[in-house]
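Chains as they are written, first to last, in full-length UniProt numbering: chain W, 1 to 421; chain E, 1 to 421.
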């Protein structure tokens, strides 16, 4: 219904760069570019199809130091870099030698996406959603969220001069409320859990043809933003694909798009078409995809999440089956880790590399550790870990775990004593 | 005493790139490079002197996407980019058209230093301090701090595999303790105020010849890191100096180094030697430099700080007199703003540009507003605002100011009602 309504009202010439149409993931039904997210033919998710033409390394290298350097590979207008947006991307790829040593592997990199404008990878997907939504004639950016996405949507709308409507559960922690509310959009607390908020968002998206819910009606464009993680990793490695990459799984979209990004780069001849393995990371308290992988299933059984890794706590991940396909096709694996291991993962990354990640990053590090110990990640092959969010946003996870070594009176002797000197 | 001790123990060949000696700021006494910070001749601060040779734009542009692209202009070894460090810098310079409109100026840029590894400009100075300290043979990175510096030192030491000793007042807020403790260095809480902690640091620096207190015994190197803010602004503007820049004042070091950075670039022919004005920003609750400027004094009368802008709350700013010199020489001005204006500054930047800054950034924005209204900042000339830290670290400042527009039951009608639709 949403789809039909939007398609009628926005049927006009849009410039979404190389994007040419939408294709249903299951049966490949094609339809014109529109703010629709599910195929009316086979009810599967719609995905953007492209006509890339020729894309050269020099074109990318001459672009801005943000995700718009990859605009020839994204569903965004050709002048996208001139339009106010948050300009995320080009975050650090850190050679993590001390973490590598701690984990017993030879070559390890950390893609540190905490450097984005609101300190998570969500800035990437939201920036693409905003750029596409503008072309479709929307003027309000919206989402249901419990954290990182709320921050990213409210900030991007503020920067663009758009209205925003961000729906959160009213039980959300005060800190996450503040970090969204400060951008002065329409932040609405909803008495209900995240599922209630999500349902409400779908209802509102159908009613308001000028509201772009980034993860609902413009989701096919939004999700393409995650490809930039793969593009950047490959470019930062000197135009090559790493042998192994570990990606956290929430809806599963990011993992499939990272894979898509590598394949596009290889197909376009931007990198050599070398084999790579994609590994998935989940928290044990919300591990439907990991469980399906372990049991050899093609479908994912929904679960009720119970984990401190709340940004990954999607019990019914929409892209779960596609994650299973990707991981199996590339020869990777999926694992899950306990909340205790998540906290140890956060602390391990912090003490070895000086990078403080949120719980989702702890999941990635701890899962990598587990996969290495199980011999599934090859310690002699190069590995990249995607660290997608910031520890400042999930301080509660370490609250009872870390603190000062000692509290002392203001004297050198007391300090020496505390340090055992 | 510290100076004499360290100079004896570290007299060996050090590679600090273009740095050739230390010079006292008052009378220009010269001495060899060493971990010393005050001249034994005239008791004034020591500053690094260089022999730059020829530095070309191409050399810089070919460098890494972090502050080490400017290694030919910093007191760091020539292979600095190969040594583990936090690699800060190359943060966004954002064209702030919506903020410009709100402030009534024509052309405005925001240098958003929240994108650094621990989300403040302190990563720049600490990275330079670490690189220089390594050359002098130190193996422990240390500081007294109440926030951003503690984060930066603990993270950099972790990344480098060094010990760290970070001294904080025991009354520090839990969040700031956590964001330092997570890096697993030697975090010591001291029963006393920041002055007590600072004195203790000076005492410990004299006793431990392997402890580099970044803002004490290696301060001349540390403070040079702030020049990179000016270098980046000039390079990001397309190799030119902006006409006006607004810089927050804590010790005052950053403001003088930004000026130094522009002058070096001009002298080396990297940019045209165009005139520019440097403006200083303080909080009214800690405005010793602003007060001295207003009264036409050359010296700065210490004050007891009382402001929410705690990262700027240095009542006796070491570089105050040099700030006055710089601002007067360039034709700028210094102003201070109330805590209410600081909060409004934070909110204004967030709602116009989607950038959430800490209280220090609120001081900068609010001071710029005041200087524009007073006609001291020319609305027709281009202006850059330095936003040096992240709002996630000072959530208490906005805690009672922002929140959801409404809390509603999970129904579309309730949302419409809340939004007046």
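From the three backbone atoms N, C-alpha and C, an ideal C-beta is built for every residue, glycine too.
#### Entry: Residue span of the alpha helix (DSSP H) that contains residue 262 of chain W, given as start and end
253-267
### Message
Can you give me the C-alpha to C-alpha distance between residue 243 of chain E and residue 401 of chain W, rounded to a whole angstrom?
### Response
49 Å
### Query
Excluding the five sequence neighbours on either side, which residues of its own chain have a C-beta within less than 7 Å of the C-beta of residue 344 of chain W, listed in chain order?
366
### Query
Using DSSP with H/G/I as helix, E/B as strand and the rest coil, what is residue 165 of chain E?
strand
### Task
Pick helix, strand or coil for residue 282 of chain W, following the three-state DSSP scheme.
strand
### Message
Quick test of your reading: residue 327 of chain W and residue 334 of chain W, contact by CB under 8 Å. State the CB separation rounded to the nearest angstrom.
### Response
6 Å
#### Entry: chain E residues whose Cβ lies nearer than 8 Å to that of residue 183 of chain W
350, 351, 354, 356
### Query
How would you label residue 134 of chain E, buried or exposed, when you count the other beta carbons within 10 angstroms and need 16 or more for buried?
buried
### Query
Just to confirm, are residue 388 of chain W and residue 392 of chain E a CB contact at a threshold of 9 Å?
no
### Query
Cα separation between residue 114 of chain W and residue 121 of chain W?
7 Å
### Query
Any C-beta of chain W sitting closer than 9 Å to the C-beta of residue 428 of chain E?
For residue 428 of chain E there is no data in the structure shown, the boundaries of chain E being 1 and 421.
#### Entry: 7 Å Cβ cut-off: residues of chain W touching residue 186 of chain E
What residue 186 of chain E touches in chain W: 405, 419.
#### Entry: Ordered list of alpha helix (DSSP H) runs contained in the region 170-203 of chain W, each at least 4 residues
174-181
### Task
Note down, in chain order, each residue of its chain lying with its Cβ closer than 7 Å to the Cβ of residue 24 of chain W, except the 5 sequence neighbours on either side.
39, 41, 42, 44, 46
### Query
What are the partner residues of residue 245 of chain W, as DSSP defines its beta bridges?
W:278, W:384
### Message
Would residue 303 of chain W and residue 337 of chain W qualify as a contact pair, given that the criterion is a beta-carbon distance under 9 Å?
### Response
no
### Task
Pull up the CB-CB distance for residue 289 of chain E and residue 384 of chain E, whole angstroms please, since I reckon it's below 8 Å.
In fact, because the Cβ distance is near 20 Å, the residues do not count as touching under 8 Å.
### Query
At which residues does the beta strand (DSSP E) containing residue 50 of chain E begin and terminate?
46-50
### Query
Between which two residues does the beta strand (DSSP E) harbouring residue 60 of chain W extend?
Careful: residue 60 of chain W lies outside any beta strand (DSSP E), inside the alpha helix (DSSP H) at 57-61.
### Query
If you measure from the beta carbon of residue 115 of chain W to each beta carbon in chain E, is any gap under 9 Å?
With 9 Å as the cut-off, residue 115 of chain W counts as an interface residue toward chain E.
### Message
For residue 320 of chain W, count the other beta carbons within 10 Å of its own beta carbon; 16 or more makes it buried, fewer makes it exposed. Which is it?
### Response
buried
### Query
What three-state label does DSSP hand residue 135 of chain E in the structure shown?
helix
#### Entry: Reduced DSSP secondary structure (H/G/I, E/B, other) of residue 16 of chain E
coil
### Query
Between the C-alpha atoms of residue 349 of chain W and residue 149 of chain E, what's the straight-line distance to the nearest angstrom?
20 Å
### Message
Can you pull out the residues from the region 52-64 of chain E whose beta carbon lies closer than 7 Å to at least one beta carbon of chain W?
### Response
Those would be none; no residue qualifies.
### Task
Grab me the residues of residue 60 of chain W's own chain with a C-beta within less than 6 Å of its C-beta, minus the 5 sequence neighbours each way, in chain order.
69
### Task
Could you spell out where the alpha helix (DSSP H) holding residue 415 of chain E opens and where it closes?
412-418
### Message
Considering Cα atoms alone, identify which of E:18, E:246, E:49, E:77 is closest to residue 55 of chain E.
### Response
E:18
### Query
So what's residue 8 of chain W in DSSP terms, helix, strand or just coil?
Low per-residue confidence applies at residue 8 of chain W: pLDDT is 45, beneath 50, and the placement is therefore not dependable enough to give any value.
### Message
Within a Cβ cutoff of 6 Å, which residues of the same chain sit near residue 236 of chain E, ignoring the five residues on either side of it in sequence?
### Response
93
### Task
Could you say which of W:407, W:259, W:195, W:102 lies nearest to residue 225 of chain W if we only look at CA atoms?
When W:407, W:259, W:195, W:102 are compared, the shortest CA-CA separation from residue 225 of chain W is found for W:259.
### Message
Using C-beta distances below 6 Å, list every residue in its chain close to residue 360 of chain E, excluding the 5 sequence neighbours before and after it, in chain order.
### Response
Contacts found: 248, 309, 311, 312, 388, 389.
### Query
Is the beta carbon of residue 172 of chain W sitting closer than 9 Å to the one on residue 153 of chain W?
Contact flag unset, no.
### Task
In angstroms with no decimal places, state the Cα-to-Cα distance between residue 316 of chain E and residue 291 of chain E.
12 Å
### As assigned by DSSP and simplified to three states, the class of residue 232 of chain W
DSSP places residue 232 of chain W in helix when its eight states are reduced to three.
### Task
Can you grab the Cα-Cα spacing for the pair residue 354 of chain E / residue 126 of chain E, in whole Å?
27 Å
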